[in-house]
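Protein chains: 2
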Amino acid sequence: MKDVAEHAGVTLSTVSYVLNDSGPVSESRRARILDAIRVLKYTPNESARRLRKKAASTIGLVLPDLTNQFFALVAEGVELAAAEGEALVMLCAPEAINRPIQHYTRLLRGQSLDGIIYLPGGAGMALSLSLELAEAGPVVMVDERVRGFDVPTVVADSRSGAREVATHVLAQGHRRLAIIGGPQALWTSEQRLSGYREAIAAHGLHPDAVPVLEGNHREGSGAAIAARLLAAPPDERPTALLCANDLMAFGVLDYCQSAGLRVPQDVSVTGFDDIPVARLTSPGLTTVRQPAHAMGYEAAKLLFELIRTPASAPPPQPPVFTTEVQVRGSVGPAPG
Amino acid sequence: MKDVAEHAGVTLSTVSYVLNDSGPVSESRRARILDAIRVLKYTPNESARRLRKKAASTIGLVLPDLTNQFFALVAEGVELAAAEGEALVMLCAPEAINRPIQHYTRLLRGQSLDGIIYLPGGAGMALSLSLELAEAGPVVMVDERVRGFDVPTVVADSRSGAREVATHVLAQGHRRLAIIGGPQALWTSEQRLSGYREAIAAHGLHPDAVPVLEGNHREGSGAAIAARLLAAPPDERPTALLCANDLMAFGVLDYCQSAGLRVPQDVSVTGFDDIPVARLTSPGLTTVRQPAHAMGYEAAKLLFELIRTPASAPPPQPPVFTTEVQVRGSVGPAPG
DNA sequence: TTGTAGGCGTTATCAG
DNA sequence: CTGATAACGCCTACAA
């Protein structure tokens, strides 16, 4: 920068002015400076810049893992919004590195990030951790809520999505259902469960008649639970399995195929999320669409708004996205 | 930090010494300082730190998009290696934000990153762009090569993988093949194509007898090309489609299903990458496994090594991963 | 073993 | 409109 100043025959301050246009500069000088910058291929040193201002033009993105396409889509949404705000994204995937979130809270705190997008999902959703994260900057949550952690949050209406998909299944005549839920501690798990139960109650079934098994949102757990559930004789085992996310539903599909069970003739299956590959299984997976990309995008937008908002002003109001059942082949009429 | 020093009754340098253990400090003082740090919940300001040293403990990761699970897996591998090296990862997904890489080269240059992992894939694989990226720090490439851009590169042996899967298809008696390739400009596209052709030549077929259509590595292009290819009458159209990645193969599968073509009875399909969901289509996709996670991990390790290596020393030797055909249901004997 | 002082590249506050 | 100058928070010779 000093070089630029010399090359243009001005002082550092003037250069700084044109860089941030934070001061009045005569056209002739401005042109000379811009020129010098190009000639010398000068790039401002961001580290110095953040030291001085307290902003980093960088936001943190904390999510469980990237291999679940749902999360990947959220990440792309965040990335897009960040790009529009000329910011960069720090990726933190605690489960991918098999360490507690603390690993990141420690690293992130010093970065003077502008803010953080937090999508809890695995084991690390405890309140204390959230608070710790919050010390690294303003936080916006996506897809999940943490009780007692009161930050702007972008979610979809899981509950009514679950209700609708369960209603669809019940309308096909199924009466012996089973639910493969997500980790109990998660808000979404609870929401989806209530949704399922509302539908079940509305059809006059006793909630206790529907077993709920806890999965971990990954394929393997779907397959394992299906194996347990479907081992019973045909006239006792469930005729429909409601899964709290698509990955577990894939696991179920996979198990059924290897066990020689036909979907949907022998057993119907539903998922949740509607990740792109859900269309591609065969039969296609009946599931509940959540606008993952839009959710990530809005969350990041919200974060930027939050950053700009003076602390006194009312916090921006986050939207609640609607969900939508996608009917495909994996649900059919109840057998018998 | 000043507060810490006061609280512990020492000077700033002493605190700095214990922080980086870069100087001898008496046990008693060290303990007092550590204590003060804990009490005050002090976190070093990374911005200041990088300004002083020239390292950021941060690496950049540039890849086309995250929704392709292959890339997501690479990203997780990188993330893991970064965590082991106590570094953070800056995520850059140019296609997700629908802008040229330049958007990032500009942003990255000022960050004084320790280095960059670069996985070209979409439109942005030109040499000039790579060089521009290299100005932001040492670069390691994964999965692709760019001619004339000579940096350490981690790849898998696409060519022999392609050869083997084609051989498998030919061994099933298929003679009317078609290839759905990736973007021509990519090194992997070229490699896979040569692999396919080697196998084809080895079976005495004339290479020109096998049409090659160029896709863009996404589902949609697979479906579109399949539609064109399979419109011909049954005894003229190809009996097997070799796709340069799994996503395009999914597109083909999808098209076949909607067009009422049975896989593999009417047409056989192969993919490339073996992303986790490839097991879940039905029939399962016969494809070529690339160790995506390991490749990302090794690339990041390599980058760290490169950073440590004095410029004079010989650059570390990158491994070439082997590929492996995964035989599943999407390939069957040739009809007739 | 500990303290002092200079500077990393910017921005912001002043006075000209 | 422009130019000096003091921080920002940390590291590292060097001196004590």
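Residue numbers (the UniProt record's numbering), protein chains in the order written: chain U, 1 to 336; chain P, 1 to 336.
All C-beta atoms, glycine included, are put in the ideal place defined by N, C-alpha and C.
This one's a predicted model, so the numbers in the text were calculated from it and none came from an experiment.
Examine chain U for any beta-carbon lying closer than 9 angstroms to the beta-carbon of residue i, and answer yes or no.
{"i": "V146(P)", "result": "no"}
{"i": "F250(P)", "result": "yes"}
{"i": "D266(P)", "result": "no"}
{"i": "T281(P)", "result": "yes"}
{"i": "R38(P)", "result": "no"}
{"i": "S312(P)", "result": "no"}
{"i": "A201(P)", "result": "no"}
{"i": "L230(P)", "result": "no"}
{"i": "A134(P)", "result": "no"}
With 9 angstroms set as the bound, which would you pick, yes or no: does the beta-carbon of residue i sit closer than that to a beta-carbon of chain P?
{"i": "V277(U)", "result": "yes"}
{"i": "L261(U)", "result": "no"}
{"i": "S221(U)", "result": "no"}
{"i": "L253(U)", "result": "yes"}
{"i": "L241(U)", "result": "no"}
{"i": "A330(U)", "result": "First, the amino acid is wrong: residue 330(U) is Ser here, not Ala. S330(U) does not count as touching chain P."}
{"i": "L227(U)", "result": "For the sequence presented, residue 227(U) should be read as Ala rather than Leu. With 9 angstroms as the cut-off, A227(U) does not count as an interface residue toward chain P."}
{"i": "S130(U)", "result": "no"}
{"i": "A56(U)", "result": "yes"}
{"i": "L61(U)", "result": "yes"}
Residues of chain P with CB closer than 7 angstroms to the CB of residue i, please, in chain order.
{"i": "E79(U)", "result": "L91, A93, A96, I97"}
{"i": "D3(U)", "result": "Result: empty, since nearest Cβ-Cβ is about 15 angstroms, beyond 7 angstroms."}
{"i": "D65(U)", "result": "E76"}
{"i": "A83(U)", "result": "I97, R99, H103"}
Taking C-beta pairs closer than 7 angstroms, name the residues in chain U that residue i reaches, listed in chain order.
{"i": "Q257(P)", "result": "S282"}
{"i": "E88(P)", "result": "The residue asked about is misnamed: residue 88(P) is Leu in this sequence, not Glu. By Cβ distance, chain U contributes M90, L107."}
So residue i contacts chain U; which residues on that side make the cut at Cβ distance below 9 angstroms?
{"i": "Q69(P)", "result": "L66, T67, Q69, A72, V277"}
Within its chain, find whatever has a CB closer than 8 angstroms to the CB of residue i; leave out the 5 residues flanking it on each side and keep chain order.
{"i": "L131(U)", "result": "F149"}
{"i": "I97(P)", "result": "H103"}
{"i": "G77(P)", "result": "A292, H293, A294, M295, G296, Y297, E298, A299, A300"}
{"i": "L186(P)", "result": "P120, G121, M125, E144"}
Between which residues of its own chain and residue i is the CB-CB distance below 7 angstroms, once the five residues before and five after are set aside?
{"i": "G137(U)", "result": "L113, D114, G115, I116"}
{"i": "V210(U)", "result": "L177, A178, I179, I200"}
{"i": "N216(P)", "result": "P183"}
{"i": "A72(P)", "result": "L66"}
{"i": "V25(U)", "result": "T14, Y17, V18"}
{"i": "V263(P)", "result": "L253, C256, V269, P283, S330"}
Can you find the residues in the same chain that come closer than 6 angstroms, C-beta to C-beta, to residue i, ignoring five residues on each side of it along the sequence?
{"i": "A226(P)", "result": "V252, Y255"}
{"i": "R237(P)", "result": "L230"}
{"i": "D274(P)", "result": "T287, R289, Q326"}
{"i": "A81(U)", "result": "Y297, A300, K301"}
{"i": "R159(U)", "result": "Q191, S194, G195"}
Could you tell me which uninterrupted alpha helix (DSSP H) segments, each at least 4 residues in length, are contained entirely in the segment 110-185 of chain U, listed from first to last along the chain?
127-134, 158-171
Which residues, in order along the segment 92-126 of chain P, keep a beta-carbon less than 7 angstroms from a beta-carbon of chain U?
A93, A96, I97, R99, H103, L107, R109, G110, Q111, S112
Residues within the UniProt domain "HTH lacI-type" (1-53) of chain U neighbouring chain P, beta-carbon criterion of under 7 angstroms
T43, P44, N45, E46, S47, A48, R50, L51
Contiguous alpha helix (DSSP H) assignments of at least 4 residues, all confined to the segment 37-76 of chain U
46-52
Going residue by residue through the segment 194-265 of chain P, where are the continuous alpha helix (DSSP H) segments of at least 4 residues, counting only ones entirely within it?
219-229, 246-259
Would you list, in chain order, the members of the segment 281-310 of chain U that have their beta-carbon closer than 8 angstroms to a beta-carbon of chain P?
T281, S282
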